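First comes the structure, then the notes that go with it.
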Ligand code: PGA
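Residue numbers (my numbering): 13 to 270.
Structure representation (structure tokens):
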């Protein structure tokens, strides 16, 4: 199914930014305003937990997401936040297995348990996967397939509609340039095939697959058009309102810009 017939999804991963509640308010105000004018694009903001309440509130144009979650339901886990808590405050999405968390020691098994906790709590899991090195021989394909399978190990067919995949080649995160759109397209075909083999083509035809890694308003149109993606997971640009607002317009209009 051509991805262009689906609604687009743009998820902003604020990471550990900004420093102040004033700045967070300013960012979300501008993003909500821009998101309210879109017709074909859903927008999610994933701020640090302490700013989550700013995304909720009167305008429903931006959904709330979290950047992480703990796999257990409740109990003596100092510093952690559960999927039930996130669901209760009105969050709808949770990023899981971001490469920055995997680099801090998060394993595929931990990712799988978090994904299970999130989808069974009624939230959507944004499952991040991606290779460290993109060599010409394609040595990354098999490990990537294994990473996808391991990350979704606890997701049954019933819950697969609560999953969004985010393909983020690690070398393209926080980089100067994004991945070549033609290569993004190859990777989308590969990931769709892996998911179809796991769950069946029908089950995954509406599952959004996002690209992430140095996306901005200059390259978004090209990646959207040639990369066959359903949207983006955006890091740096998501806390830079002028650029992010422009990016949202490009995605919603589906046109490439210089
Ligand atoms: P970036 O980050 O857009 O700043 O490259 C993407 C991400 O880490 O999700």
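Heads up, the beta-carbon is just placed ideally off N, CA and C, and yes, glycines get one too. This one's a predicted model, so the numbers in the text were calculated from it and none came from an experiment.
In the structure shown, residue 244 falls within a strand segment according to DSSP collapsed to helix, strand and coil. DSSP places residue 255 in the helix class (H, G or I) of the three-state scheme.
If you check the C-beta of residue 248 against ligand 1, you find a heavy atom less than 7 Å away.
In the three-state reduction of the DSSP assignment, residue 179 falls in the strand class. Distance from residue 19 to residue 52 at the Cβ level is roughly 6 Å; contact confirmed, criterion being Cβ atoms closer than 8 Å. Inter-residue distance for residue 179 and residue 72 is about 27 Å (C-alpha atoms, whole angstroms). DSSP, reduced to helix, strand and coil, places residue 265 within a helical segment of the structure shown. No heavy atom of ligand 1 is found nearer than 7 Å to the CB of residue 29. Taking 7 Å as the cut-off, the C-beta of residue 235 does not count as close to any heavy atom of ligand 1.
Distance check between residue 176 and each of 87, 119, 204 places 204 closest, using alpha-carbon atoms only. Annotation: residue 26 to residue 164 spans about 24 Å, alpha carbon to alpha carbon.
Taking every protein chain shown into account, the CB of residue 114 has 16 or more other CB atoms within 10 angstroms, so this residue is buried. Listed in chain order, the non-local C-beta contacts of residue 144 below 7 Å within the same chain comprise 182, 183, local neighbours out to five positions each way being set aside. Taking 7 Å as the cut-off, the C-beta of residue 108 does not count as close to any heavy atom of ligand 1.
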